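A.B. asks:
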Ligand SMILES: C[S@@+](CC[C@H](N)C(=O)[O-])C[C@H]1O[C@@H](n2cnc3c(N)ncnc32)[C@H](O)[C@@H]1O
Ligand SMILES: [Zn+2]
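Residue numbers (my numbering): 147 to 424.
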């Protein structure tokens, strides 16, 4: 962080420099920025929090992801569990050879993915959006170079044709909105769990049906012209302490008891799909 410049001031500068890509989630008009936040021509105003994120969501916080889950997820990220995924996506985005692209992480959670991504991707404007204030507040502990917003992906606070890349990583997608905000040359990168994803956790939680991504994939293929589909399958070592975070980082374990001993390893099975909106 620049000496003497607060997180809020840095965020304010960054949002001001990119204000043209945002729009009011209430009326759809553009914004003007000031040090306290942003305001549209209908006087809908949204605050920039002291921690350096913009609140562009006014509805109720109905999410199954709470702070403990995000903290566990952060611990798992920090241990490198998703490093192979980060590398794959960095390569995909770098291969697009875009000049200063706007990359949106739609449903960025506590921000670990985008923070890692920032370390590896050349010269991009990065925007992380999540409906969870807990998630975004944690995300602001990462890079000031990323713009963080509390917002709803079903009503993205972005202008039409403003965005080069939409990342949707293990998060819900809204393809109508992705299509609206992406430039005609824009790319969507979706990461879905495969049927073996977190298999060892599922096996130890009673009553969980085997996972299939068929339905999610069918919905995606209705909206996305798929250019590339790559499976990513690997195992990570488990230690007892780490096992606790792994179990806690998934909403699958909410209200369910894990039974049995920790496994020696945990399976990460993902599908990475790249395409353009149809
Ligand atoms: C499984 S988490 C994945 C988070 C992050 N991509 C990661 O891999 O760590 C799904 C995220 O989607 C967010 N989410 C769910 N519905 C949303 C919505 N309508 N708008 C924005 N974010 C949403 C949740 O708050 C949660 O952070
Ligand atoms: Zn407005």
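Where a beta carbon is used, it is the ideal one built from N, C-alpha and C, also for glycine. Keep in mind the model is a prediction, meaning the values are calculated, not measured.
Residues with a Cβ closer than 6 Å to any heavy atom of ligand 2, in chain order?
C.D. replies: 170, 172, 173, 175, 186, 188 and 190
A.B. asks: Rounded to whole angstroms, what's the CA-CA distance from residue 147 to residue 267? Just pull it up for me.
C.D. replies: In this prediction, residue 147 scores a pLDDT of 48, lower than 50, which makes its location untrustworthy; no coordinate-derived value is stated.
A.B. asks: Buried or exposed: residue 405, going by 16 or more other Cβ atoms within 10 Å of its Cβ?
C.D. replies: exposed
A.B. asks: Give a single yes or no on whether residue 298 has its beta carbon closer than 7 Å to a heavy atom of ligand 1.
C.D. replies: yes
A.B. asks: Expressed to the nearest angstrom, what Euclidean distance is found between the alpha-carbon atoms of residue 238 and residue 420?
C.D. replies: 8 Å
A.B. asks: Any heavy atom of ligand 1 closer than 7 Å to the Cβ of residue 295?
C.D. replies: Using a cutoff of 7 Å, the CB of residue 295 does not count as near ligand 1, since none of the ligand's heavy atoms is closer than that.
A.B. asks: Should residue 173 go down as buried or exposed, given a rule of 16 or more other Cβ atoms within 10 Å for buried?
C.D. replies: exposed
A.B. asks: Is residue 315 a contact residue of ligand 1, with contact defined as CB to any heavy atom under 7 Å?
C.D. replies: yes
A.B. asks: Quick one: grab the DSSP three-state call for residue 180.
C.D. replies: strand
A.B. asks: Per DSSP, what kind of secondary structure is residue 191 in: helix, strand or coil?
C.D. replies: strand
A.B. asks: Could you pull the DSSP bridge partners for residue 252 from this structure?
C.D. replies: 275
A.B. asks: Taking residue 288 as part of the beta strand (DSSP E), name the residues at either end of that continuous run.
C.D. replies: That residue, residue 288, is in no beta strand (DSSP E); it is neither H nor E in DSSP.
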